[in-house]
Amino acid sequence: MSRVWVVLKRLGKVIKFLFVCLVLTVCVFMGWRIFSTGIPSDIKPLLPNDELREAYADKGDELYIFEQKYDDITRAERNSGYFAVPEAVFIPEIDQAQIVFRYNNSTIRRVAEDLKLETVPDREQDLFDVSLVFYVDLTPDNPNDNDDVNSEGLKKIRVKPTEKICERTTLYNFYRYSFDFENAEEPIDMSQLMEDGLLIAVHAEFYYGSEPDYTETPYGALNLYYHLRSNYDVKMSAKDKKALEE
């Protein structure tokens, strides 16, 4: 066996070893990125506010909580991947919803570029205004105008959060918000609207800044509820119950 052949054989083993290391590194990095998008344990449980405590004390596991399957990340060209809502649950009996809102650190940099800000905002600040918008059917005899959010046949009722908590990881910023519909611009009876078939949709809308102009198009929006989609029961976790019982 020639010396050249021995050198080439050893070189091939080194290249193979380096290739395996590269593949493993990529896999570990991708796994870490995927894992880091999960909701942190501190904000995983429902916010144990008074309304929810009283309802749980009265109903226990019979308290109706539901969610729908929806596209949970913004995908428009102007905000693709900027915002996500990995969890959104509705509790009609107490006219309440809770959502988890997430955005990447890179979103902050992109926002600075989009808005031509002089500096990149500090991630420790509350940068975005998050609210829910209920679309109520004013013309139930005309289903043709239900899919146009700007239709005069739909009433828009905005609900701002009453409580929030925040958790930041290396790459992401997470917020859990609680919304009480009685604090809306116009009090909302969600159970009655659903029963009457008048609740068409519920969107989460995201604006930059603490005092946005709601007449402007939101920076991002996600459709969390739509009347033609199925509702799925949500059972409280052990951590949810513990938080409510403490």
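For what it's worth, numbering that gives the first Met the number 0 labels the leading residue of the sequence shown as 0, then goes sequentially. From the three backbone atoms N, C-alpha and C, an ideal C-beta is built for every residue, glycine too. Treat the numbers as computed from the prediction; the structure is a model and nothing was measured.
- Closest option to VAL132, judged by alpha-carbon separation, among VAL201, GLU210 and ASP212: VAL201.
- The beta carbon of ILE199 lies closer than 6 Å to those of TYR134, ASP136, ASN145 and HIS226 in the same chain, with the five residues before and after it left out.
- For ASN143, there is no enclosing alpha helix (DSSP H), as DSSP marks it with neither H nor E.
- By the Cβ rule, the segment 102-117 does not count as touching the segment 150-159, because fewer than three pairs are nearer than 8 Å.
- Sequence-distant partners of LYS154 (beyond 5 residues in either direction) whose C-beta falls short of 7 Å from its own C-beta, in its chain, are VAL135 and LEU137.
- For SER190, the enclosing alpha helix (DSSP H) covers residues 189-195.
- Contact check for TYR176 and PHE127: beta-carbon distance about 11 Å, past the 8 Å limit, so the pair fails to qualify.
- For LYS159, there is no enclosing alpha helix (DSSP H), since its DSSP letter is neither H nor E.
- Note: ALA96 is bridge-paired with PHE89 and PHE178 in the DSSP secondary-structure output.
- A direct Cα-to-Cα measurement between LEU46 and GLU162 gives close to 8 Å.
- Contact between the segment 40-57 and the segment 84-95 is present: three or more C-beta pairs spanning the two stretches fall below 8 Å.
- At a Cβ-Cβ threshold of 9 Å, LEU192 and PRO139 do not count as neighbours.
- If you draw a 10 Å sphere on the C-beta of ASP94, you find 16 or more other C-beta atoms in it, and that means buried.
- Under the three-state reduction of DSSP output, ILE72 falls in the strand class.
- In this structure, the alpha-carbon of ARG167 lies about 20 Å from that of SER130.
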